[in-house]
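Worksheet: one structure, shown below.
Protein chains in written order, with this note's numbering: chain S, -19 to 63; chain W, 70 to 422.
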């Protein structure tokens, strides 16, 4: 039971961190980095797109790191299967 | 003045009634359609093995056509009553996604062909907005938490729609792993989405029709869940899961609640992302040789220790302890509720602060 709770709480933690990063990323992109956000020009869209991609890559890297940690600690390095 | 107020009240009550009637129609069509499909598919031997049960029963598949028929009938009625092009767009996205899913059910599309075909799914929303004058299908404004002024992205927004529909459909499709998960998960995800639309409307933003458009979808999914919940009497198949993903994505855009919709389906997004990043290519689940979980003799599941096995949400949930299918489904729903709570918070931070 204890082990199951650890897996579950790890996932809850991942989702909470993912949520915070999504919010932070969205706010950073659309409110702070782009000073001319209400300009309806082509370059505005391009720059927002580049920043969004950049932050999305960072988000994905963070998620992969956390996921790999769970897999390594709970699956690959487990001593025995609790049945 | 008084007669104008009376007409307005009458128009509003007519619109609300149409939403209720459309939802009832969706529920009845999906319920009866699913019941019919269960016997029809079983008679035609269109069944698949329910692998995670001890007695390995054969379960009819796909139930998607009943879901699509329910949603399309309800939305069509709503479109006739309201004349809203947003509803028409939602209807077409669901229909196209359902058709692509049905092709996949019958012929099995490849890991790249399916998302490529689903790119067509988002086109109706963009096309109606561009070609029909004053269609008001969506607004190219992104509402962010803590900021009252929305960010205007007129060039990116149509592109975002075209790209997002295949992403949403595939994401929802990947969570269709165990009995009742995809239908139950979508029902939970619609809670904060509906709340966010109501919150937006309460401050005078958006079109009330976007709220009514959600109701037939919830009604149809609710009807299907009766048969799909553990132990399943029918599986939705790709046609069901993909159509639900399409409808969900379309609601996010016509309701203007994109970020809330993303957060509400985080477990599905993470599941899809974990899978793709571990297999490192677009591939169908059935093409994977190393299975993410091992089925024990008592039908419980445990994570596979095979390093090359794909990483999925279920594999992470059963990482340390074997669990029955029913237990895993409950755990996934708990994660869905947690993310729905985060989405609720985001909605409050966006429109109530």
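Think of the CB as a built atom: it goes at the ideal place given N, C-alpha and C, for glycine as much as any other residue. Just so you know, these numbers come straight off a predicted model, no measurement behind them.
Asked: Can you give the Cα-Cα distance for residue 223 of chain W and residue 379 of chain W, rounded to whole angstroms?; Found: 38 Å
Asked: Give me, in chain order, the residues of the same chain whose beta-carbon lies closer than 6 Å to that of residue 226 of chain W; leave out the 5 immediate sequence neighbours on both sides.; Found: 209
Asked: Hey, how far is the Cα of residue 15 of chain S from the Cα of residue 215 of chain W?; Found: Note that residue 15 of chain S has pLDDT 48, beneath the 50 cutoff, so the model's placement of it is unreliable and the number below is only indicative. So the alpha carbons of these two residues sit roughly 17 Å apart.
Asked: What residue does the beta strand (DSSP E) around residue 118 of chain W start on, and which one ends it?; Found: 116 to 118
Asked: Can you check DSSP and say which residues form a bridge with residue 392 of chain W?; Found: W:370
Asked: Residues in the stretch 322 to 352 of chain W with C-beta within 9 Å of chain S's C-beta atoms, listed in sequence order?; Found: 328, 331, 332, 335, 336, 338, 339, 342, 343, 346 and 347
Asked: Mind checking if residue 413 of chain W is an interface residue toward chain S, Cβ cutoff 7 Å exclusive?; Found: no
Asked: Jot down the residue ranges of each uninterrupted alpha helix (DSSP H) in the stretch 276 to 312 of chain W, minimum 4 residues, whole runs only, in chain order.; Found: 277 to 297
Asked: Here's the rule I'm using: 16 or more other beta-carbon atoms within 10 Å means buried, otherwise exposed. How should residue 203 of chain W be labelled?; Found: exposed
Asked: Could you tell me the distance, in whole angstroms, from the CA atom of residue 138 of chain W to the CA atom of residue 99 of chain W?; Found: 7 Å
Asked: By the three-class DSSP mapping on this structure, what secondary structure does residue 220 of chain W have?; Found: strand
Asked: Which residues mark the beginning and the end of the alpha helix (DSSP H) in which residue 175 of chain W is found?; Found: 154 to 176
Asked: Could you tell me the alpha carbon to alpha carbon distance between residue 160 of chain W and residue 221 of chain W, rounded to whole angstroms?; Found: 26 Å
Asked: To the nearest angstrom, report how far apart residue 397 of chain W and residue 77 of chain W are at their CA atoms.; Found: 50 Å
Asked: Using CA atoms only, rank isn't needed, just tell me which of W:406, W:114, W:144 and W:158 is closest to residue 193 of chain W.; Found: W:158
Asked: Relative to the C-alpha of residue 231 of chain W, which residue among W:112, W:162 and W:360 is closest?; Found: W:162
Asked: Give a yes or no on whether 7 Å exceeds the smallest Cβ distance from residue -2 of chain S to chain W.; Found: yes
Asked: Touch check for the stretch 252 to 265 of chain W and the stretch 319 to 336 of chain W: three-plus C-beta pairs under 8 Å?; Found: yes
Asked: I'd like the span of the alpha helix (DSSP H) that includes residue 232 of chain W, first residue to last.; Found: 225 to 243
Asked: On a Cα-Cα basis, can you pick out the residue from W:270, W:279 and W:311 that is closest to residue 420 of chain W?; Found: W:270
Asked: For the candidate residues W:80, W:85 and W:72, whose alpha-carbon lies nearest to that of residue 280 of chain W?; Found: W:85
Asked: Look up residue 134 of chain W in the DSSP assignment and say whether it is helix, strand or coil.; Found: helix
Asked: Quick one: residues in its chain with C-beta nearer than 6 Å to the C-beta of residue 245 of chain W, no 5 flanking neighbours on either side, listed in chain order?; Found: 251 and 310
Asked: Could you tell me which of W:195, W:134 and W:201 sits nearest to residue 173 of chain W, measuring between CA atoms?; Found: W:134
Asked: Give the range of the alpha helix (DSSP H) segment to which residue 348 of chain W is assigned.; Found: 335 to 348
Asked: DSSP three-state label for residue 272 of chain W, please.; Found: coil
Asked: Does the Cβ-Cβ distance between residue 151 of chain W and residue 338 of chain W come in under 7 Å?; Found: no
Asked: Name, in chain order, the residues that DSSP records as bridge partners for residue 362 of chain W.; Found: W:372
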